[in-house]
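Heads up, the final residue of the sequence shown is numbered 1791 in my numbering, and it's a clean run with no missing numbers.
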Amino acid sequence: MSETYDVIVIGGGPAGYPAAIRAAQLGFKTVCIDAWLNMDNTPAFGGTCLNAGCIPSKALLESSELVHRAQHEFDKHGISTGPVSFDLAKMQARKTKVSRDLTGGIKALFQANKVTGLFGYGRLLGDGKVEYKDHDGKTSELVGKHIVIATGSAPVNLKIAPFDGDKIIDSWGALDMTEVPKRLGVIGAGVIGTELGSVWNRLGAKTVVIEAMPTFLPMVDQAIAKETLKHLTKQGLDIRLGAKVLGAKTGADGVTVEYEQNGETKSEVFDKLIVAVGRRPYTDGVGAKELGVAIDERGFVKVDAHYKTNVPGIYAVGDVIGNPMLAHKAIEEGVALAEQLAGHHTQLNYNAIPSVIYTSPEVAWVGLSEEQAKAAGYEVKTGTASFVPSGRAKAMEMNVGLCKVIADVKTDRILGVHMVGPHTSEMIAESVLALEYSATCEDIALTMHSHPSLSETFHDAVLLVDGRAVHAV
Ligand code: FAD
1319 MSETYDVIVI GGGPAGYPAA IRAAQLGFKT VCIDAWLNMD NTPAFGGTCL
1369 NAGCIPSKAL LESSELVHRA QHEFDKHGIS TGPVSFDLAK MQARKTKVSR
1419 DLTGGIKALF QANKVTGLFG YGRLLGDGKV EYKDHDGKTS ELVGKHIVIA
1469 TGSAPVNLKI APFDGDKIID SWGALDMTEV PKRLGVIGAG VIGTELGSVW
1519 NRLGAKTVVI EAMPTFLPMV DQAIAKETLK HLTKQGLDIR LGAKVLGAKT
1569 GADGVTVEYE QNGETKSEVF DKLIVAVGRR PYTDGVGAKE LGVAIDERGF
1619 VKVDAHYKTN VPGIYAVGDV IGNPMLAHKA IEEGVALAEQ LAGHHTQLNY
1669 NAIPSVIYTS PEVAWVGLSE EQAKAAGYEV KTGTASFVPS GRAKAMEMNV
1719 GLCKVIADVK TDRILGVHMV GPHTSEMIAE SVLALEYSAT CEDIALTMHS
1769 HPSLSETFHD AVLLVDGRAV HAV
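Laid out in structure tokens, this is it:
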């Protein structure tokens, strides 16, 4: 006998588990199947984000930042600690506990909302049927009216530097190192490469980041990207741009990476090499292709504006349907889909998705950069305020960075906000709201910001767009 559901969600990451919870809240009989196994073979909901992505990386970024601040900033506050040391095993145990607490929370949410949570694999069989295989290999069949593919993404494995799980590792391996490598190489200076490079650099690894693109963070406004590069370089991250990796070989001495830069072939030896060149949509084994679900040339499941695939009754959300591969985008898609299944009208604004790089200082942006706005044909006006004179940032000993506002000359509407500075991951929320509400510079100029606060720098940047800031030039 097959168990019958209204909604079957395959994948319990940030796209799948909120889809399942919201569907159940809306009255659907819902099951969520998730295949994730942690390195110690324990199953967990939460997908990449909670187990091997957003959360563990932020836990280690926080710990390593505290080490850095204790070593370099406490003295300025008049705090003496003596030599600062750290216990990496304890740091890693805290990271694991943070993740496990949160993944356990999903289990509790499933129970509270009456979602059936199953650990194991889901595979589409057609005609509303899904094969469920648990981690012991036992199979059964489920039947569902609506089936959601939320199988996420996986790290891209480079043929010229393939993962070996030991010296050449992916982002998950990089979050799980039990020793600080003396010499660390990172291929890729994107979000994940710079975050993980920062963690280990702060903990003492001599870190070289090799990036094929000649431009640092091309998706970020270049004034902000240049400011970021300056600060990361000052912290000791050796970021080599326009450096194309030719190959990586492991040996007794470590990993030798050969790369080409400025027409010259160079090589560098590392103890560990993190390959962080992007992620690919993951549909392995889910049976989508076999069932005729349309998949594009890059491997993303094709969906319409309502997350419907070309096969009736099958939907997809999250990393598996396309960029940006971000947890908050995945969550909102999961919730929007569940609401649509219940007949509600929901629509996400893909022009107002915030992005953050949790380095120190943090980089955060939403909407268009100046370069993108000009390329899109806008006549732009911009305002850039520095965090250097900010009273709050100074009091925090974190007065570095810039906030740049990009606006449309014709309508005064804010098109984008890009910033690097203290706690910009939190500050960006106001800019997201500004874009969501189609705010003009005038709207923000007339909005009061508390003093002293970091958000005053955003206010100043807006005022600078029209040259009327009192506290900034
Ligand atoms: P996933 O989280 O990948 O979840 C998919 C789930 O489906 C997995 O549990 C997988 O095991 C399961 N699955 C796959 N196939 C099957 C099957 N056949 N049957 C059952 N289950 C299956 N994003 C941010 O927004 N902020 C950040 O700070 C951030 N930091 C990151 C740091 C790192 C190091 C990495 C790698 C990623 C980070 N991300 C961050 C990206 C974020 O993790 C993803 O965008 C997010 O996890 C996507 O959610 P998802 O549900 O689509 O996919």
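All C-beta atoms in this analysis are idealised placements derived from N, C-alpha and C, irrespective of residue type, glycine included.
- Partner residues in the beta bridge of residue 1563, as assigned by DSSP, are 1577.
- The beta-carbon separation of residue 1335 and residue 1464, rounded to 16 Å, does not stay under the 8 Å limit for a contact.
- CA-CA distance, residue 1332 to residue 1788, rounds to 43 Å.
- Straight-line spacing of the CA atoms in residue 1781 and residue 1511 works out to 34 Å.
- By the Cβ criterion, the region 1700 to 1718 is not in contact with the region 1642 to 1659, since fewer than three pairs of Cβ atoms, one from each stretch, lie closer than 8 Å.
- Annotated three-state conformation of residue 1737 is strand, per DSSP.
- Closer than 6 Å to some heavy atom of the ligand FAD: that describes the Cβ of residue 1375.
- Of the residues 1554, 1552, 1508, the one whose Cα lies closest to the Cα of residue 1534 is 1508.
- Shown here, residue 1388 sits in a helix according to DSSP, grouped into three states.
- When the beta-carbon positions are compared, residue 1522 and residue 1504 stay at least 7 Å from each other.
- Only residues of its own chain outside the window of five on either side were considered, and among them 1467, 1599, 1601, 1606, 1611, 1612, 1613, 1627, 1634, 1638, 1639 have a CB closer than 8 Å to the CB of residue 1619, listed in chain order.
- Collapsing the DSSP output to three states places residue 1439 in a strand.
- Contact between residue 1513 and residue 1417 fails: their C-beta atoms lie close to 16 Å from each other, not under 8 Å.
- Looking at the DSSP output, residue 1706 sits in no beta bridge, so it has no partner there.
- For residue 1585, the shortest separation between its Cβ and any heavy atom of the ligand FAD does not lie below 6 Å.
- In this structure residue 1320 is exposed. Its beta-carbon is surrounded by fewer than 16 other beta-carbon atoms within 10 angstroms.
- In the structure shown, residue 1751 falls within a helical segment according to DSSP collapsed to helix, strand and coil.
- About 10 Å separates the Cβ atoms of residue 1559 and residue 1536, ruling out a contact at the 8 Å cut-off.
- Its chain contains 1677 as the residues whose beta carbon lies nearer than 6 Å to that of residue 1516, once the 5 sequence neighbours on both sides are disregarded; these appear in chain order.
- Below 8 Å, enough C-beta pairs join the region 1565 to 1577 and the region 1588 to 1596 to call them touching: three or more.
- Going by beta carbons, residue 1773 and residue 1674 fall outside the 7 Å limit.
- When secondary structure is reduced to three states using DSSP, residue 1376 falls in the helix class.
- Apart from sequence neighbours up to five positions away, the residues of its chain that approach residue 1443 with a beta-carbon distance below 6 Å are 1449, ordered along the chain.
- Going by beta carbons, residue 1371 and residue 1352 fall outside the 7 Å limit.
- Judged by the Cβ position, residue 1592 fails to qualify as a neighbour of the ligand FAD at the 6 Å threshold, every heavy atom of the ligand being at least this far.
- The residues 1697, 1699, in chain order, have a CB closer than 6 Å to that of residue 1727 in the same chain once the five nearest residues on each side in sequence are set aside.
- Residue 1657 has no beta-bridge partner at all, per DSSP.
- With a minimum length of 4 residues, the unbroken runs of alpha helix (DSSP H) contained wholly in the region 1661 to 1737 fall at 1688 to 1693, 1709 to 1713.
- Per DSSP, the continuous beta strand (DSSP E) segment holding residue 1352 begins and ends at 1348 to 1352.
- Residue pairing by DSSP places residue 1556 opposite 1526 in a beta bridge.
- Taking 6 Å as the cut-off, one finds no heavy atom of the ligand FAD near enough to the beta carbon of residue 1766.
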